[in-house]
Amino acid sequence: MDRLTAKKVRYFVKLQYPVFITVSETGFKGALPDLPGCECTCRELSEVYVALERMRRDFIAQKLSSGAGVPLPNSRGLLAEAAEPAHAAA
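Numbering of the sequence shown is given in my numbering, commencing with residue 55 and proceeding in unit increments.
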C-alpha cells in the first residue's frame, strides 16, 4: 500500500461508523451498516467489537487500494471519492 493510500485508510478508520449489535441464540451478531458485508456472529460481546474493527480496517483498505469510494458514516449510499479530498471555498 502506498503512503497516500495508507494516509487515507488512517483518516477513514478514525471516523465513527455506527455499530448495530443484536443478541442471538448463539451469542451476538454485529454489523457496520454503512460498510456492506461487515457483519459477524460471536459468542462474546467483546469478540464482536474486535471482529468488526478488523473488518472495518480491511474493508476500507481494500476499497481505497482498488480505487473505489468508501461509504461515509451514516451516508445512506453516498461515497467519499478515493481521489484527493475536495477543499471548501473560503
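C-beta atoms are modelled at their ideal positions from N, C-alpha and C, and glycine is treated no differently.
Does the beta-carbon of residue i have 16 or more other beta-carbons within 10 angstroms, so that it is buried, or is it exposed?
i, result
"residue 140", "Confidence is the limiting factor: at residue 140 the pLDDT is only 46, short of 50, which leaves the residue's position unreliable, though a coordinate-based value still follows. Exposed, by the Cβ-count rule."
"residue 60", "exposed"
"residue 88", "buried"
"residue 67", "exposed"
"residue 142", "For residue 142, the predicted model reports a pLDDT of 43, less than 50, meaning its position is unreliable and no value from the coordinates is stated."
"residue 121", "exposed"
Could you check whether residue j and residue i sit closer than 8 Å to each other, using their CB atoms as the reference points?
i, j, result
"residue 114", "residue 73", "no"
"residue 81", "residue 98", "yes"
Just to check my reading of the structure: residue i and residue j have Cβ atoms closer than 8 Å, yes? What is that Cβ distance to the nearest angstrom?
i, j, result
"residue 69", "residue 86", "In fact, because the Cβ distance is near 11 Å, the residues do not count as touching under 8 Å."
Near residue i, what residues of its chain come up, given a Cβ to Cβ distance below 7 Å and the 5 sequence neighbours on each side ignored?
i, result
"residue 71", "86, 88, 89, 110 and 127"
Item checked: beta strand (DSSP E) runs contained entirely in the stretch 73-135, provided each spans 3 or more residues -> Segments of the beta strand (DSSP E) lying fully in the stretch 73-135: 74-78, 81-85 and 93-96.
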